[in-house]
Each structure stands twice: as C-alpha cells, then as structure tokens.
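The numbers in the sequence shown follow the numbering used here, run straight up by one, and end at 1008.
Using N, Cα and C, we set each Cβ at its ideal position, and we do this for glycine too.
Have a look at the structure below before the remarks.
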Amino acid sequence: MPPLRAKAPWYGYSLGHRTKENEAEAEFALQGEYYQTGEKLAKNRIELYGRSRWQPGFAPVHVTA
C-alpha cells in the first residue's frame, strides 16, 4: 500500500462556525481552565418554576396556542 500524501491541511484550522465565545471557551479548555466556562454558565442559569428539572417531581409546563 503506498504511503498517504495529504495535499491540504486537514486539521488545525477554523471551520468558521464557532463564535468568539466558543473560541474563548476552547482556549480555556486547552489551558486547563475549563472550570471558567462552567462558572460563566452558572452565572447565567435561571430557575425553572422553583425547582430544577433534575429534581424528582419536576413537570414541565406545556404551552398551547
């Protein structure tokens, strides 16, 4: 079998579908500071009707139009 010959780089370049926020989160992960992303997301968390959907007894509200 002949050796592979890659003609164009297939890694290490942006595919263009990530936001600057996603890029910053990826950089945190590369530096081992992945917890900073979690802290940021925790600040934006909202409460759903007084309980978490992961708690027993949670029933989502269905809105009908």
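Element boundaries [alpha helix (DSSP H), containing N965] = Position 22 of the sequence shown, counted from the first residue, corresponds to residue 965. Segment K963 to L973, the alpha helix (DSSP H) holding N965.
By how many angstroms is the C-alpha of A949 removed from the C-alpha of Y977?
-> By 1-based counting over the sequence shown, the position of residue 977 is 34. By 1-based counting over the sequence shown, the position of residue 949 is 6. Cα to Cα, the separation comes out at about 33 Å.
Helix, strand or coil at Y978 [DSSP, three-state] = The residue labelled residue 978 in the question sits at position 35 within the sequence shown. Reduced to three states, the DSSP call for Y978 is helix.
Alpha carbon to alpha carbon, what distance is there between E982 and K972?
-> To locate residue 972, count along the sequence shown from 1; it is residue 29. To locate residue 982, count along the sequence shown from 1; it is residue 39. The sequence shown places Ala at residue 972, rather than the Lys named in the question. Rounded to the nearest whole angstrom, the C-alpha separation of A972 and E982 is 13 Å.
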